[in-house]
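Residue numbers (the numbering used here), protein chains in the order written: chain A, 1 to 320; chain B, 1001 to 1320.
Where a beta carbon is used, it is the ideal one built from N, C-alpha and C, also for glycine.
2 protein chains.
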Amino acid sequence: MNTSNRVCALLGIDFPIIQAGMVWCSGWELASAVSNAGGLGILGAGSMYPQVLRDHITKVQAAAPGKPFAVNVPLLYPAVEEHMQSIVDLGVPVVFTSAGNPNTWTSHLKSHGVKVIHVVSSVKFALKAEQAGVDAVVAEGFEAGGHNGREETTTMCLVPAVADACKVPVIAAGGLHDGRSVLAAMMLGAEAAQIGSRFVATPESSAHLAFKEAVVAAGEGATSLELKSVTPVRLLHNDFAKEVIAAQQAGATVEALRELLGRGRAKKGMFEGDLVAGELEIGQVAAMLTSIEPAADVVGRIVAECRSLGGPSLGGRFSF
Amino acid sequence: MNTSNRVCALLGIDFPIIQAGMVWCSGWELASAVSNAGGLGILGAGSMYPQVLRDHITKVQAAAPGKPFAVNVPLLYPAVEEHMQSIVDLGVPVVFTSAGNPNTWTSHLKSHGVKVIHVVSSVKFALKAEQAGVDAVVAEGFEAGGHNGREETTTMCLVPAVADACKVPVIAAGGLHDGRSVLAAMMLGAEAAQIGSRFVATPESSAHLAFKEAVVAAGEGATSLELKSVTPVRLLHNDFAKEVIAAQQAGATVEALRELLGRGRAKKGMFEGDLVAGELEIGQVAAMLTSIEPAADVVGRIVAECRSLGGPSLGGRFSF
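Structure (structure tokens):
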């Protein structure tokens, strides 16, 4: 465990590298691989039924014995109460909450010894989370995959603003995938990096291979933030995304867009590999990814890159 | 002059800090103040008639004798031929070109001993500029003020991609305003930072005081990239911007948006201070700015911040 970095000390990890909890992509295999490599692995509970989450928690605990890990719970998820019960019952050490009010669950979780980190896309919500008593916040920029803030504030602009406003440590997210981007985010004031897209394209990710290959093949401009009137989400430009964009340009109502989205699109795209009709959520940084890389290699490479770029010479939170 | 940094060596400047050439904001007073402080000042020719540009060039040369400076020329500007003639005639050492094809003017300018740097928002156009023979490129991210790329690639994602693709040095732009953001951009692979919004809010900027005060007062989410079907531009949310957003949501055609925009909106807003009906172009980073600060103080503060954050310990291009 690294004690010169507040996030490493809080979470009991060696390196300030956190694998984002992502629907349909981050189950026990990915989370345990990252935790075993010295980072923090996270289960994405947003795409799991309660019993599925319980199974994944038990499997991470078996595959990465004694290692810290976390569960990401989108607070608007219907089964949130059952998820929180499983988290407490099974002794999950850390919860990342997102998409909801941090006041609802923070005290409850903390009273059971669970550390709580909330994902925000603005200073306003970072301060709300801090007031709710969270241990840290994730400041997630516009370039990130998945659901995202309406203000469209990028990582470069969001991280320093949140770091200035909050006393709790800030974890940066959005556009991070290698040593230089992790160091850049830490230079902006973050104490750790949450990395999503890079971990989607790993063998351990539970995403469908066709989706992983589409992520690696994506070029610049291949994603955009869409469905802003419903819930903003960054989509890879497949046929479904193009249909959404065309509907928006034609002035579709929120109801019409909800109907177009339908149910189960994300599972169909990311988990079942339907690259035509599925919803494919990924970050802008997909344009930089060129191969499917084992999760432990991702962690090891980023740490090595940070070191060779001179990170440790900056001292303090950079000492890893 | 700093010779351990390729951009400093190319331009003959002490610090890798470049003040963006901005319509209605960057005349001779701002450019000479930045050049005298050891950075590179740029005249924004996009809002100048040919005789006005000639006057400003002469005034910079008088106010910052022997110091390098540049002119930014949007290549779609109607008077571009006269501007280029003035640049050659008056011995301007560096030109920043934008919004157009770098093939058109690069060889001509270089044959007259003028250094040429082209502003891009994608790897594709960075490679085109490099093939055209430019000396460096500015990689400008989605968060930047003014006109901007359709791919919406942020500084965090764009700068490393361009740095990987190009042999010429990369200057980062978008979201940069202080030491930590400049170092972050350099960590991503840039060799210098082009800073816009921070220099709008200086006494030396030719922007109207009311606009400067609006920039300093802007909070998070106060800007967005609009008019994407016409020419994407990041606007501060005044009444005019709200009218544009409402028209877009109602499915306005390109022609209708052009008519709504009309002529002279940018001058009315940024130069004449009409905060209601004028077009106000500014970067996301306006949310971080809290005061109008002299240009030389901006340069000096950023350099001091870079040093106190340990930049020089990283060596090479960070040695300033």
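Residue i - DSSP class collapsed to helix/strand/coil
| i | result |
| --- | --- |
| F184/A | Before going on, a small fix: residue 184/A reads as Ala here, not Phe. Helix at A184/A. |
| K1167/B | coil |
| T97/A | strand |
| R54/A | helix |
| E1255/B | helix |
| G269/A | helix |
| P203/A | coil |
| K110/A | helix |
| G46/A | helix |
| K1059/B | helix |
| A70/A | strand |
| L236/A | strand |
| T1223/B | strand |
| G41/A | strand |
| A64/A | coil |
| H1146/B | According to the sequence provided, residue 1146/B is Gly. The question's His does not apply to it. In this structure, G1146/B counts as strand in the three-state DSSP scheme. |
| A277/A | coil |
| A173/A | strand |
Below-8 Å beta-carbon distance, residue i vs any chain B residue
| i | result |
| --- | --- |
| G141/A | yes |
| A327/A | A question about residue 327/A goes unanswered here, because the residues of chain A that appear run from 1 up to 320. |
| Q284/A | yes |
| T154/A | yes |
| C8/A | no |
| A250/A | yes |
| C157/A | yes |
| G310/A | yes |
| G174/A | yes |
| E293/A | no |
For residue i, the first and last residue of its enclosing alpha helix (DSSP H)
| i | result |
| --- | --- |
| E82/A | V80 to D89 |
| V34/A | W28 to N36 |
| V299/A | A295 to S308 |
| E1243/B | D1239 to Q1249 |
| R1006/B | R1006 to L1011 |
| E1130/B | V1123 to A1132 |
| A217/A | L209 to A217 |
Proximity test, Cβ basis, 8 Å: residue i and chain A
| i | result |
| --- | --- |
| A1256/B | no |
| M1288/B | yes |
| G1273/B | no |
| M1270/B | no |
| A1020/B | no |
| S1047/B | no |
| L1260/B | no |
| A946/B | With chain B represented from 1001 up to 1320, any question about residue 946/B goes unanswered, as that position is not in the structure. |
| E1279/B | no |
| S1313/B | yes |
| E1204/B | no |
| E1029/B | no |
8 Å Cβ shell around residue i - same chain, five flanking residues per side excluded
| i | result |
| --- | --- |
| M1288/B | H1177 and D1178 |
| F1199/B | Q1019, A1020, M1022, C1025, S1026, L1030, V1034, S1205, A1295 and V1298 |
| D14/A | M1, N2, C8, G38, G39 and F320 |
| L1260/B | E1243, V1244, A1247 and A1252 |
| E272/A | H208 and G278 |
Same chain, Cβ closer than 6 Å to residue i, neighbours up to 5 away in sequence not counted
| i | result |
| --- | --- |
| E1337/B | With chain B represented from 1001 up to 1320, any question about residue 1337/B goes unanswered, as that position is not in the structure. |
| A277/A | F240 |
| A144/A | A173, G174 and G283 |
| A214/A | L275 |
| N5/A | P16, E191 and R317 |
| A256/A | none |
| Y77/A | G46 |
| F1069/B | A1031, S1035, G1041 and V1060 |
| P93/A | P68 |
Residues near residue i by beta carbon distance below 7 Å, same chain, minus five either side
| i | result |
| --- | --- |
| T3/A | A9 |
| L183/A | C306, L309 and G311 |
| K1128/B | P1102 |
| S122/A | G149, E151 and T153 |
Terminal residues of the beta strand (DSSP E) in which residue i lies
| i | result |
| --- | --- |
| I17/A | I17 to Q19 |
| E1140/B | A1136 to E1140 |
| K1115/B | K1115 to V1120 |
Using a Cβ-Cβ cut-off of less than 9 Å, list which residues of the region 1088 to 1111 of chain B approach chain A; keep chain order. Result list empty, no residue passes.
Just by C-beta distance, which residues in the region 1214 to 1247 of chain B are closer than 8 Å to chain A? Against chain A - using a Cβ distance shorter than 8 Å - the residues of the region 1214 to 1247 of chain B are E1220, G1221, S1224 and L1225.
Listed from N- to C-terminal order along the chain, which residues in the region 176 to 201 of chain A have their beta-carbon within a distance smaller than 8 Å of any beta-carbon of chain B? The residues in question are L176, D178, R180, S181, L183, A184, A185, M187, L188 and G189.
Between the region 1111 to 1124 of chain B and chain A, which residues of the former have a C-beta closer than 8 Å to a C-beta of the latter? Taking 8 Å as the Cβ-Cβ cut-off against chain A, the residues of the region 1111 to 1124 of chain B that qualify are S1122, V1123 and K1124.
Residues, ordered as in the chain, of the region 51 to 80 of chain A that lie near chain B by beta-carbon distance below 8 Å: Residues: none.
Along the region 295 to 306 of chain A, what residues have a CB closer than 9 Å to any CB found in chain B? Cβ proximity to chain B below 9 Å picks out nothing from the region 295 to 306 of chain A.
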